[in-house]
Amino acid sequence: MTTAKPAPRPPLLEEALAHGGPIIVFDDIELAFDEKVILRNVSFTLRTGHTKIFLGASGAGKSTILRLILGLLKPDAGRIFVNGEQIDSMTEDQLMAVRADLGMVFQEGALFDSLTVRENVGYKLDEELHWPAADVDRRVEEVLGFVGLKDFIDRMPSELSGGQRRRVAIARAMAAKPRILFYDEPTTGLDPITALTVDQEIVKLRDLEGVSSILVTHQLRDAFYVAEHSAFGTGAGDARGMRLERATPQKEDEAEFILLRDGRIHFEGNATELREAQQKDAYIAAFLS
Amino acid sequence: MISRFVEWIKAALLEVQEYVRMLGKVGRALVTPPFYFRDVVEQFDAIGVGSLTVVLLTGMFTGMVLALQSGQTLDQFGARSMVGRLVSASMVKELGPVLTGLMVAGRVGSGIAAELGSMVVTDQIAALRALGTDPIRKLVLPRILAGLFMVPILTVISTAVGMVGGWLVTFSLLRVASSVYWNSVVQGLFIQDVWMGLIKPFVLGFTIVSLGCHVGMRTTGGTQGVGRSTTNAVVASSVAVIAVDYLVTQLLIVLMY
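Shown next, in the form of structure tokens:
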């Protein structure tokens, strides 16, 4: 059977990028479209197994950061490192290798209209990694089971609700077991209960699968939920399950908030620091209110 | 006013630059792996087989009306028996390639622009790239190959059906014997005409589909943008069919006649 494992890294790099290592580095990034400045002097580091949560008003440049990391856009200045490789000057063909270790959940899911749920989720395994059909089916069923949508495997995207589409998008992004996952407004437009299900998937992937993640959102409730909860595996074999609990302070530190304002980083810190900052900063207070 | 004109020129030059860049990427995708064979077969079916009905109907009625009109005119000179010559020369050299091109531009050019355009505005193209697939290889190259090879086949079919349509009218309404008609058809054709009728649709097929892909991939502005792209693709490829037809005709006349 084909196993879903990202390409092995050289031993030294593997050691450097072990839990807590700098898996994504943004170094003084600048980007403008014509006269409009999108990002200015943006620097941050995502550490392996941690979560970065980008907050900000619409048009603050949050989604642009994800597109820069994926190489869908190029910065005007600054350097971007992913998995120890500098990607800002790479060609499209070189970027394809970098993207093999990245998964992205787009706003509204961006599922392929003409493909079934099974084909959407198994797309990369079948089209790009050329797995045998039986292995693709097995993995697709596994990840759809993970997001609770195994019964929807033969549906078309148009037959799914908004929440189900997002969860299928999560399943598609995680199918090839990338080490890094990006979520672009995964809960926008969803009802609170469905949004909570999506939040729980994000926490599960981070804590049970060891995926480093970047969450872009302006839904504060979801952002704090992801930052302040931990998932634990329970049981074994058929009785395998999981439980979600309030995160320990040490675990909370692994989820860091970045608040963007007009393309600049306005605040950077954990959930507790963000709550405390609203006492001193009117913009943060207005944003969190 | 002048600044708007300058902006328009800049925008037009940018479009040309992006079109040429896209063609460069297509050329590279053609000679380097990966190659999405299944998508190529699907597009041959969608563009070729899917356009068959419209091309058959267009070819048939064009041949019929051509026979009817030319029969009336030739009657004035007592040359009704020459109808076949006129139908074959017109269909093979001009009407077959151009009308097939226009029909494919309307059906396929718009379809490609709408499909790719909606994939762009719903982030499906970005999702493809994020999943490690080059949209040029997966979406554009198969369509261009299908246009390049299926439009000539459709043109041959259209031309043949047009001649049959001409025969139906000549035989049943103009009362000219079948043998006279088909004899006249063969007499009206020269080998240069056949080459012209075969070379043109390759260029037209490539132009129609590549323009449709270019316009679709450059879509911006949500669903409104998709509508705009669809219209632009039909207008651009229809005008291009006529313009390219003239240029290729001119070139082939210089080279072959």
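Chains as they are written, first to last, in our numbering: chain V, 4 to 292; chain S, 4 to 260. Glycine included, each C-beta is placed from N, C-alpha and C at the ideal position. What you are looking at is a predicted structure, and each value in this text was computed from that prediction instead of being measured.
Mind checking whether residue i and residue j have CB atoms under 8 Å apart?
{"i": "residue 164 (chain S)", "j": "residue 59 (chain S)", "result": "yes"}
{"i": "residue 81 (chain V)", "j": "residue 50 (chain V)", "result": "no"}
{"i": "residue 151 (chain V)", "j": "residue 139 (chain V)", "result": "no"}
{"i": "residue 232 (chain V)", "j": "residue 208 (chain V)", "result": "no"}
{"i": "residue 53 (chain S)", "j": "residue 160 (chain S)", "result": "no"}
{"i": "residue 103 (chain V)", "j": "residue 146 (chain V)", "result": "no"}
{"i": "residue 200 (chain S)", "j": "residue 99 (chain S)", "result": "yes"}
{"i": "residue 213 (chain V)", "j": "residue 106 (chain V)", "result": "no"}
{"i": "residue 126 (chain S)", "j": "residue 113 (chain V)", "result": "yes"}
{"i": "residue 74 (chain V)", "j": "residue 45 (chain V)", "result": "no"}
{"i": "residue 237 (chain V)", "j": "residue 188 (chain V)", "result": "no"}
{"i": "residue 166 (chain S)", "j": "residue 94 (chain S)", "result": "yes"}
{"i": "residue 108 (chain V)", "j": "residue 185 (chain V)", "result": "yes"}
{"i": "residue 50 (chain S)", "j": "residue 130 (chain S)", "result": "no"}
{"i": "residue 90 (chain S)", "j": "residue 188 (chain S)", "result": "yes"}
{"i": "residue 264 (chain V)", "j": "residue 228 (chain V)", "result": "no"}
{"i": "residue 43 (chain V)", "j": "residue 266 (chain V)", "result": "yes"}
Quick one: what's got a C-beta closer than 8 Å to residue i's C-beta in the same chain, skipping five residues either side?
{"i": "residue 244 (chain S)", "result": "101, 104, 105, 108, 207, 210, 211"}
{"i": "residue 224 (chain S)", "result": "124, 231"}
{"i": "residue 295 (chain V)", "result": "The question about residue 295 (chain V) has no answer, for chain V in this structure spans 4 to 292."}
{"i": "residue 255 (chain V)", "result": "230, 231, 273, 274, 275"}
{"i": "residue 153 (chain V)", "result": "144, 147"}
{"i": "residue 192 (chain S)", "result": "91, 92, 95"}
{"i": "residue 140 (chain S)", "result": "32, 37, 38, 39"}
Going by beta carbon distance, what residues of the same chain come within less than 7 Å of residue i, once the five residues before and after it are set aside?
{"i": "residue 78 (chain V)", "result": "32, 33, 34, 71, 91"}
{"i": "residue 77 (chain S)", "result": "83, 85, 86"}
{"i": "residue 113 (chain S)", "result": "233, 236, 237"}
{"i": "residue 247 (chain S)", "result": "206, 207, 210"}
{"i": "residue 229 (chain S)", "result": "117, 120, 121, 124, 222"}
{"i": "residue 203 (chain V)", "result": "247"}
{"i": "residue 22 (chain S)", "result": "217"}
By Cβ distance below 6 Å, which residues in the same chain neighbour residue i in space, the five residues on each side in sequence not counted?
{"i": "residue 84 (chain V)", "result": "28"}
{"i": "residue 184 (chain S)", "result": "87, 170, 173"}
{"i": "residue 181 (chain S)", "result": "174"}
Using only the heavy atoms of the ligand MG, determine whether one of them is closer than 7 Å to the beta carbon of residue i.
{"i": "residue 21 (chain S)", "result": "Ligands displayed in this structure: none; no statement on the ligand MG is therefore possible."}
Using DSSP with H/G/I as helix, E/B as strand and the rest coil, what is residue i?
{"i": "residue 217 (chain S)", "result": "helix"}
{"i": "residue 7 (chain V)", "result": "Per-residue confidence for residue 7 (chain V) stands at a pLDDT of 47, beneath the threshold of 50, marking its modelled position as unreliable; no derived number is given."}
{"i": "residue 158 (chain V)", "result": "coil"}
{"i": "residue 83 (chain V)", "result": "strand"}
{"i": "residue 189 (chain V)", "result": "coil"}
{"i": "residue 237 (chain V)", "result": "strand"}
{"i": "residue 123 (chain V)", "result": "helix"}
{"i": "residue 271 (chain V)", "result": "strand"}
{"i": "residue 67 (chain V)", "result": "helix"}
{"i": "residue 20 (chain S)", "result": "helix"}
{"i": "residue 57 (chain V)", "result": "strand"}
{"i": "residue 248 (chain V)", "result": "strand"}
{"i": "residue 27 (chain V)", "result": "strand"}
{"i": "residue 193 (chain S)", "result": "coil"}
*Could you tell me whether the region 240-251 of chain S touches the region 205-222 of chain S, using the rule of 3 or more Cβ pairs below 8 Å?*
yes
*Kindly confirm or deny that the region 251-260 of chain V and the region 35-44 of chain V touch, where touching means at least three C-beta pairs closer than 8 Å.*
no
_Does the structure place the region 164-177 of chain S close enough to the region 63-83 of chain S that three or more beta carbon pairs sit under 8 Å?_
yes
*asked:* Would the region 11-18 of chain S count as touching the region 108-126 of chain S if we require 3 or more Cβ pairs under 8 Å?
replied: no
*asked:* Give me the subset of the region 120-135 of chain S whose CB atoms are less than 7 Å from a CB atom of chain V, sorted by chain position.
replied: 125, 126, 127, 129, 130, 132, 133, 134, 135
_Members of the region 132-159 of chain S near chain V, C-beta cut-off 7 Å_ = Cβ contacts with chain V come from 132, 133, 134, 135, 136, 137.
*Report the residues of the region 170-196 of chain V with a CB closer than 7 Å to any CB of chain S, ordered along the chain.*
none
*Do the region 160-173 of chain V and the region 85-104 of chain V meet, that is, are 3 or more Cβ pairs less than 8 Å apart?*
no
*For the 8 Å Cβ check, are there 3 or more pairs between the region 27-40 of chain S and the region 136-144 of chain S?*
yes
*asked:* Between the region 11-18 of chain V and the region 42-58 of chain V, can you find at least three pairs of beta-carbon atoms closer than 8 Å?
replied: no
*Do the region 126-136 of chain S and the region 114-132 of chain V touch if we need at least three Cβ pairs shorter than 8 Å?*
In this structure the region 126-136 of chain S touches the region 114-132 of chain V; the number of beta carbon pairs closer than 8 Å is three or more.
*Compile a chain-ordered list of the residues in the region 87-105 of chain V whose CB is closer than 9 Å to at least one CB of chain S.*
Hits within the stretch, in order: 95, 96, 98, 99, 100, 102, 103, 105.
_Can you pull out the residues from the region 114-134 of chain V whose beta carbon lies closer than 7 Å to at least one beta carbon of chain S?_
115, 126, 127, 130, 131
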